[in-house]
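Chains as they are written, first to last, in the working numbering: chain A, 2 to 143; chain B, 2 to 143.
There are 2 protein chains.
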Amino acid sequence: MSLSARKAQHGAPHLTARLRQAGLRPTRQRVELASLLFTGDRHVTAESLAEEAAAAGLKISLATVYNSLHQFTAAGLLRQVVVDAARSYFDTNIGDHQHFFVENENRLIDIPGENIAVSGVPNPPPGTAVERVDVVVRVKRA
Amino acid sequence: MSLSARKAQHGAPHLTARLRQAGLRPTRQRVELASLLFTGDRHVTAESLAEEAAAAGLKISLATVYNSLHQFTAAGLLRQVVVDAARSYFDTNIGDHQHFFVENENRLIDIPGENIAVSGVPNPPPGTAVERVDVVVRVKRA
DNA sequence: CTCATAGTTTAGAATTATTCTAAACTATTG
DNA sequence: CAATAGTTTAGAATAATTCTAAACTATGAG
């Protein structure tokens, strides 16, 4: 193993393994972003994650944050949540669940999948197959 | 009534009435956009509606299309549907219903509200009230 | 370990959807 | 018809996101 590879792994062996299993090279930037993201159930935007990284002293360009969020999503490590026309949210909870969206705070809150159910969905249009059923409960703070 | 007001009303008395009831002055642009929109259940984006207006020979700026879509929405004549991070859709069907979204065609299809039901929604976060429950069934053409 | 290479990162430019600005225009009301 | 409040618009501005091409790095072979 090269010195640089050793450096990237340093302090986060399970993260590099997780990235490798997902088919992604464990680069410094991806490992660092993963270390911020995969610490529980989190909702981030590209901007919020980039700020968080900067605040932690990590040197990661905004373009890389965008790239990584999309790569993580394609690899199934993240889920993209469309609730707001203005920006994209990414959720580290990739299990079966839905969301509250607090409209005047731009904040997402998970609803466990066990609780919620959708019934009566008609057959999808001919020639199409269902990918996912998204429920967004839009709430507003009084 | 002025000549110009008469002109705006020409050929669409019920549309001007509908706009007035919604608290919107029936300007030429709004009446014309309304005449394109309120002809059945439709899904449009600002761009698609602007193109349609242009194709019909109507002189309406893109800014006015954006303004009108938002004013119509605020007035309850339209409903905004958030399904795609890239652009906003507006639905002339303001009744209780949900949507299929064909991901690789960027197309919306209504699901009548009678069919579909969501159960098991937990209490909203303290201090918030539910505005609406949106269901998006994401489908893909094979 | 070292090299070659394929994959990755990045600054900055470019793109896209949308909003803003302020000046010209128009519906409404007295 | 005149005054005024509301509306439209071109064009600039903004914001999120993507693109480009050059510099960098992880990886696997030798």
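Cβ coordinates follow ideal geometry from the N, Cα and C atoms, glycine included. Predicted, not measured: the structure shown is a model, and the values here were computed from it.
Annotation: the stretch 2 to 64 of chain B contains no complete segment of the beta strand (DSSP E) (minimum length 3 residues). Per DSSP, E132 (chain A) is one residue of the beta strand (DSSP E) stretching across T129 to R142.
Between the stretch 52 to 60 of chain B and the stretch 82 to 94 of chain B, the count of C-beta pairs closer than 8 Å stays below three; the two stretches do not touch. What S69 (chain A) touches in chain B, judged by beta-carbon distance under 9 Å, is nothing: the nearest beta carbon there is about 17 Å away. Assigned with DSSP and collapsed to three states, V66 (chain B) falls in helix. Three or more beta-carbon pairs separated by less than 8 Å are not found between the stretch 108 to 117 of chain A and the stretch 65 to 77 of chain A, which leaves the two stretches without contact. By the Cβ rule, the stretch 93 to 107 of chain B counts as touching the stretch 125 to 133 of chain A, because three or more pairs are nearer than 8 Å. One Cα belongs to K60 (chain B), the other to P27 (chain B), and the distance between them is close to 16 Å. Proximity of chain A to R133 (chain B) at the Cβ level (cut-off 7 Å) is accounted for by R139, in chain order. Only F101, V103, E104, I110, I112, N116, I117, A118, V119 and S120 from the stretch 94 to 120 of chain A bring a Cβ to less than 7 Å from some Cβ of chain B. Shown here, A76 (chain B) sits in coil according to DSSP, grouped into three states, outside any helix or strand.
For the pair F91 (chain B) and V134 (chain B), the CB atoms are not nearer than the 7 Å cut-off. The shortest C-alpha to C-alpha distance from V32 (chain B) to any of B:G114, B:A18, B:A75 and B:T74 is the one to B:A18.
Its Cα nearest to that of R21 (chain B), the residue B:L78 stands out among B:G114, B:N94 and B:L78.
For V103 (chain A), the enclosing beta strand (DSSP E) starts and ends at H98 to V103. Annotation: Cβ neighbours of D85 (chain A) in chain B (cutoff 9 Å, chain order): V83 and A86. Put simply, the CB of R80 (chain B) is far from chain A, with every gap to its CB atoms at 7 Å or more. Taking a C-beta distance under 7 Å as the contact criterion, S69 (chain B) and L16 (chain B) do not qualify as a contact pair. The alpha-carbon of P113 (chain B) is positioned some 17 Å away from that of V83 (chain B).
Taking the Cβ atoms as the reference, T93 (chain B) lies roughly 22 Å from R139 (chain B), outside the contact range of under 8 Å. Against chain A, the beta carbon of A130 (chain B) has neighbours under 9 Å at V140, K141, R142 and A143, listed in chain order. Straight-line spacing of the CA atoms in L38 (chain A) and E48 (chain A) works out to 14 Å. Inter-residue distance for T40 (chain A) and V131 (chain B) is about 29 Å (C-alpha atoms, whole angstroms). Distance from the CA of E52 (chain A) to the CA of S36 (chain B), rounded to the nearest whole angstrom, comes to 46 Å.
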